[in-house]
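Asks:
Number of protein chains: 2
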Amino acid sequence: MTVTALAGGVGGAKLVHGLDGLVRDLTVVVNTADDAEVYGLSISPDLDTVMYTLAGLANPVTGWGVAGDTRVTLDAMAGLGERTWFTLGDRDLATHVVRTGRLRAGTPLSRVTADLTAALGIRARLLPMTDDRVATMVDTPAGRLDFQEYFVGRRHQDPVVGLVLDGIETAAPAPGVLAAFADADVVVLAPSNPFVSIGPILAVPGVRDALAGTSARRVGVSPIVGGQALKGPAAQMLADLGHEVSALGVARLYVGLLDVLCIDEEDRALAPAIRDLGLDVVVTGTVMGGPDDRRRLAREVLDAAVGG
Amino acid sequence: MTVTALAGGVGGAKLVHGLDGLVRDLTVVVNTADDAEVYGLSISPDLDTVMYTLAGLANPVTGWGVAGDTRVTLDAMAGLGERTWFTLGDRDLATHVVRTGRLRAGTPLSRVTADLTAALGIRARLLPMTDDRVATMVDTPAGRLDFQEYFVGRRHQDPVVGLVLDGIETAAPAPGVLAAFADADVVVLAPSNPFVSIGPILAVPGVRDALAGTSARRVGVSPIVGGQALKGPAAQMLADLGHEVSALGVARLYVGLLDVLCIDEEDRALAPAIRDLGLDVVVTGTVMGGPDDRRRLAREVLDAAVGG
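And the structure:
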């Protein structure tokens, strides 16, 4: 079976991890609109989270960064007067140094990503959504913020008035991205933030049409469970941007782009309303802890696709 | 007393360290022609060696890098497929990350250096010879090599056919460099390589004239002792480039630029020939180990200047 998954950070990475254990031919298209230059380094948080998770390196507590990592360099940077607002461990830093050096030498992000994942022994194909620079900007009452400033620097506590994807109009899908929709038997929308993780991927010119037009079965997993996001600001963004804060609210965002939505047992009562939107619904446990949970949910997602 | 020292790496840093303990108003003009971009990071080896030495952080075994440093990031970079030919410890890396980020943001190297030294509590004023890019290229039978490739990558084992200072014609002295010659009571040429450490500083347009024309007493310390360099390729370069490999060979390079040359007791027999060149000579122990040696030699250098 050929599977293409769309993913952002921690939640998406967990489901991708589950898929990776089941699917031989897995492509993951990853959001890069969170990418930032921090301390002069090119950071791709979602690519790294997916990469570290698939490599078995991810910090199981935070979901991001490398398990057991040290902070010698970051501490020394603080000693040199740098405002170390963005945490980077020493092992993690290696990724950023290597990526930054290669990008600066003119290597596209997709090529750098292929090299890094190969070096880490990752079988799945990770594709950045684009090799071009796209930057999510968050409009708040405090003004327009860079995404990482909003997300990490201010702990996503500002109300979100609007979102701008700077550079999206001229971004091209990275090599292989459009084909990954055309060639797939199943497309999975991981339980990632619809606005700042899945949204930017879909906004890359050509991607939304590729998803709308694929002959693959398209299965999503709601990132909202019981009216709350398991991680990050998805619930707050749904509310701030005028959507219902529920799996139904999520379903409405994906009409025409999904065949099946997996929702949590806690949200079972929403199934009829979601079906009324024209989506199939699978009710299951969508909260993933460790590898077993991930693989079970991945199995159910694939079953939902095949069984449809 | 106002003292200006010219220095390259390890040997120069030791004498500067000795001066720093004695002199309240010390400016150090540091070679930057060894600077390189490695792994996409802006590395200034001589600035760092002087900085770490003055901060008491330098690795006492190697002379460069930070004492007791770890290599978590470098090892992880190797795991990501990077050819880690240039050793960077984790604490040291902080310097390069901070510097690279600030340079990329448009801050001149002299400003970055002032910030870093201030953060490390260094009292002396460290000045890069220039804020512009100058790169020593080493012509060898194997072709033209970047300096760090010659020096670190190939362990300075290639015969040196010639040296080229790429960018030197258009380089300007960093702010404060020319004034540091005009304002000094004493100018000290540290025992650094005449070709690739002191030479590039003197080659920055305006610097050689500033040294030739200063009213300060100018005292040098020979980096060649008993026909050998204490560290690095100075002896080999003297030979390869057709000079006598001795303190006399060094003295000939500095005629018109020095009033006094300090040579080692081992080279006492060369004193008359050096005096014949018009230089005063002080014979002393020039081999520096720890802080006591450094301070003693610095004291003798200053005495030589004042006593002249």
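Heads up: the sequence lines are chains A and B, in that order. Under the numbering used here, the residues of the first sequence are numbered 1 to 308, in order. Under the numbering used here, the residues of the second sequence are numbered 1 to 308, in order. A virtual CB, placed ideally from N, CA and C, is assigned to each residue, including glycine.
Using a Cβ cut-off of 8 Å (strictly closer), state whether A:L189 contacts chain B.
Replies: In the first sequence, residue 189 of chain A corresponds to position 189, counting from 1. By this cut-off, A:L189 is not an interface position.
Asks: Distance cutoff 8 Å, beta carbons only. Does A:G285 sit that close to anything in chain B?
Replies: Walking along the first sequence from the start, residue 285 of chain A turns up at place 285. No, its Cβ sits nowhere closer than 8 Å to a Cβ of chain B.
Asks: How about B:V187 and B:T4: do their beta carbons lie closer than 8 Å?
Replies: Taking the first residue of the second sequence as 1, we reach residue 187 of chain B at position 187. Taking the first residue of the second sequence as 1, we reach residue 4 of chain B at position 4. Cβ distance < 8 Å, so B:V187 and B:T4 count as in contact.
Asks: Taking the alpha-carbon of B:P45 as reference, which of B:Q228, B:G8 and B:N59 has the nearest alpha-carbon?
Replies: Walking along the second sequence from the start, residue 45 of chain B turns up at place 45. Selected option, being the one with the closest Cα: B:G8.
Asks: At least one CB of chain A closer than 8 Å to the CB of B:D259: is that the case?
Replies: Here residue 259 of chain B refers to the residue found at position 259 when the second sequence is read from its first residue. No, its Cβ sits nowhere closer than 8 Å to a Cβ of chain A.
Asks: Step through the CB atoms of chain A and report whether any lies within less than 8 Å of the CB of B:D292.
Replies: Mapped onto the second sequence, residue 292 of chain B falls at position 292. So, not an interface residue.
Asks: So which residues on chain A does B:M77 lean against when the C-beta distance must stay under 7 Å?
Replies: Here residue 77 of chain B refers to the residue found at position 77 when the second sequence is read from its first residue. The contacting residues are A94, V97 and V98.
Asks: Can you give me the Cβ contacts of B:D166 inside the same chain, cut-off strictly under 6 Å, excluding the 5 residues immediately before and after it?
Replies: Reading the second sequence from its first residue, position 166 is the one you call residue 166 of chain B. Closer than 6 Å at the Cβ level, and outside the excluded window around B:D166, lie A135 and M137.
Asks: Taking the C-alpha atoms as reference points, what is the distance between A:S222 and A:L6?
Replies: Position 222 of the first sequence, counted from the start, is the residue given in the question as residue 222 of chain A. Position 6 of the first sequence, counted from the start, is the residue given in the question as residue 6 of chain A. Going by the C-alpha atoms only, they are around 13 Å apart.
Asks: Using 8 Å as the limit for Cβ to Cβ distance, is B:E300 near chain A?
Replies: As a first step, residue 300 of chain B must be located in the second sequence, where it is residue number 300. By this cut-off, B:E300 is not an interface position.
Asks: Return helix, strand or coil for B:A114, following the three-state DSSP convention.
Replies: Reading the second sequence from its first residue, position 114 is the one you call residue 114 of chain B. Looking at B:A114 - three-state DSSP - the assignment turns out to be helix.
Asks: Can a CB atom of chain B be found closer than 8 Å to the CB of A:R125?
Replies: The count along the first sequence starts at 1 and reaches residue 125 of chain A at position 125. Not one chain B Cβ lies under 8 Å of A:R125.
Asks: Could you tell me the distance, in whole angstroms, from the CA atom of B:T27 to the CA atom of B:V16?
Replies: Along the second sequence, one-based indexing puts residue 27 of chain B at 27. Along the second sequence, one-based indexing puts residue 16 of chain B at 16. Their backbone Cα atoms lie some 9 Å apart in a straight line.
Asks: Just the chain A side, please: which residues come within less than 9 Å of B:E149 by C-beta, in chain order?
Replies: Within the second sequence, the letter at position 149 stands for residue 149 of chain B. Chain A residues near B:E149: none, gap ~16 Å exceeds 9 Å.
Asks: Please give me, in chain order, every unbroken run of the beta strand (DSSP E) with length at least 3 that falls completely inside the region 37-83 of chain A.
Replies: DSSP runs (the beta strand (DSSP E)) wholly in the region 37-83 of chain A: 41-43.
Asks: Where in the region 113-186 of chain A do unbroken runs of the beta strand (DSSP E), each at least 3 residues long, occur, reported from the N-terminal end onward?
Replies: You should have 125-128, 135-140, 143-146 and 162-166.
Asks: Reducing DSSP to helix, strand and coil, say where B:R104 ends up.
Replies: Position 104 of the second sequence holds residue 104 of chain B. Reduced to three states, the DSSP call for B:R104 is helix.
Asks: Can you give me the Cβ contacts of B:D267 inside the same chain, cut-off strictly under 6 Å, excluding the 5 residues immediately before and after it?
Replies: The residue labelled residue 267 of chain B in the question sits at position 267 within the second sequence. These residues qualify, in order along the chain: A247.
Asks: Using a Cβ cut-off of 7 Å, pull out every chain A residue sitting near B:V72, in sequence order please.
Replies: On the second sequence, residue 72 of chain B is found 72 positions in, with the first residue counted as 1. Chain A residues near B:V72: T70, V72, D90 and R91.
Asks: Report yes if the CB atom of A:M237 is closer than 8 Å to the CB atom of A:N193, and no otherwise.
Replies: The residue labelled residue 237 of chain A in the question sits at position 237 within the first sequence. The residue labelled residue 193 of chain A in the question sits at position 193 within the first sequence. Yes; because the gap between Cβ atoms is below 8 Å, this pair is in contact.
Asks: By DSSP's criteria, A:T87 is part of a beta bridge. Which residues make up the other side?
Replies: Within the first sequence, the letter at position 87 stands for residue 87 of chain A. Paired residue(s): none; A:T87 is not in a bridge.
Asks: Quick check on DSSP: helix, strand or coil for A:V3?
Replies: On the first sequence, residue 3 of chain A is found 3 positions in, with the first residue counted as 1. Correct three-state label for A:V3: strand.
Asks: Just the C-alpha distance for B:A105 and B:A33, rounded to the nearest angstrom, thanks.
Replies: Locating residue 105 of chain B in the second sequence gives position 105, counting from the first residue. Locating residue 33 of chain B in the second sequence gives position 33, counting from the first residue. Distance between the alpha carbons of B:A105 and B:A33 is about 21 Å.
Asks: Quick one: give me the first and last residue of the alpha helix (DSSP H) that A:R218 is part of.
Replies: Taking the first sequence and counting its residues from 1, the one referred to as residue 218 of chain A is at position 218. Note, A:R218: premise wrong, no alpha helix (DSSP H); beta strand (DSSP E) at R217 to V221.
Asks: Between the region 271-278 of chain A and the region 148-157 of chain B, do at least 3 Cβ pairs fall closer than 8 Å?
Replies: Touching, no, given that fewer than three Cβ pairs across the two stretches are closer than 8 Å.
Asks: Could you give the first and the last residue of the continuous beta strand (DSSP E) run that contains B:V30?
Replies: Your numbering for residue 30 of chain B matches position 30 in the second sequence. Unbroken beta strand (DSSP E) run through B:V30: D25 to V30.
Asks: Counting contacts by CB-CB distance shorter than 8 Å, is A:A251 in contact with chain B?
Replies: Taking the first residue of the first sequence as position 1, residue 251 of chain A is located at position 251. A:A251 does not count as touching chain B.
Asks: To the nearest angstrom, report how far apart B:R123 and B:L22 are at their CA atoms.
Replies: As a working note, residue 123 of chain B is residue 123 in the second sequence. As a working note, residue 22 of chain B is residue 22 in the second sequence. Going by the C-alpha atoms only, they are around 12 Å apart.
Asks: Using a C-beta cutoff of 8 Å, does A:E82 count as contacting chain B?
Replies: Numbered from 1 along the first sequence, position 82 holds the residue referred to as residue 82 of chain A. Closer than 8 Å: yes.
Asks: Tell me which same chain residues have a C-beta within less than 6 Å of the C-beta of B:D240, skipping the five on either side of it?
Replies: Counting from 1 along the second sequence, the entry for residue 240 of chain B is found at position 240. Hits under 6 Å: P159 and V160.
Asks: Can you check whether the CB of A:V245 is closer than 8 Å to the CB of A:I304?
Replies: Position 304 of the first sequence, counting from 1, holds the residue named residue 304 of chain A. Position 245 of the first sequence, counting from 1, holds the residue named residue 245 of chain A. Checking the sequence, you will find Ala at residue 304 of chain A rather than Ile. Taking 8 Å as the Cβ cut-off, A:A304 and A:V245 do not qualify as a contacting pair.
Asks: So A:L116 contacts chain B; which residues on that side make the cut at Cβ distance below 7 Å?
Replies: Against the first sequence, residue 116 of chain A aligns to sequence position 116. Within chain B, the residues near A:L116 are L80.
Asks: How big is the Cα-Cα spacing for A:L297 and A:A13?
Replies: Along the first sequence, read from residue 1 onward, the residue named residue 297 of chain A stands at position 297. Along the first sequence, read from residue 1 onward, the residue named residue 13 of chain A stands at position 13. So the two alpha carbons sit approximately 13 Å from each other.
Asks: Taking B:M77 as the reference, which of A:A76, A:I224, A:G81 and A:T117 has the closest Cα?
Replies: Position 77 of the second sequence, counted from the first residue, corresponds to residue 77 of chain B. The option with the nearest alpha carbon to B:M77 is A:T117.
Asks: Taking only beta-carbon positions, decide if A:A55 is within less than 8 Å of chain B.
Replies: Taking the first residue of the first sequence as 1, we reach residue 55 of chain A at position 55. Chain B, which has no Cβ nearer than 8 Å to the Cβ of A:A55, makes this no.
Asks: Check whether the region 257-272 of chain B and the region 281-294 of chain B are in contact - that is, three or more C-beta pairs closer than 8 Å.
Replies: Counting Cβ pairs under 8 Å, three or more are found: they touch.
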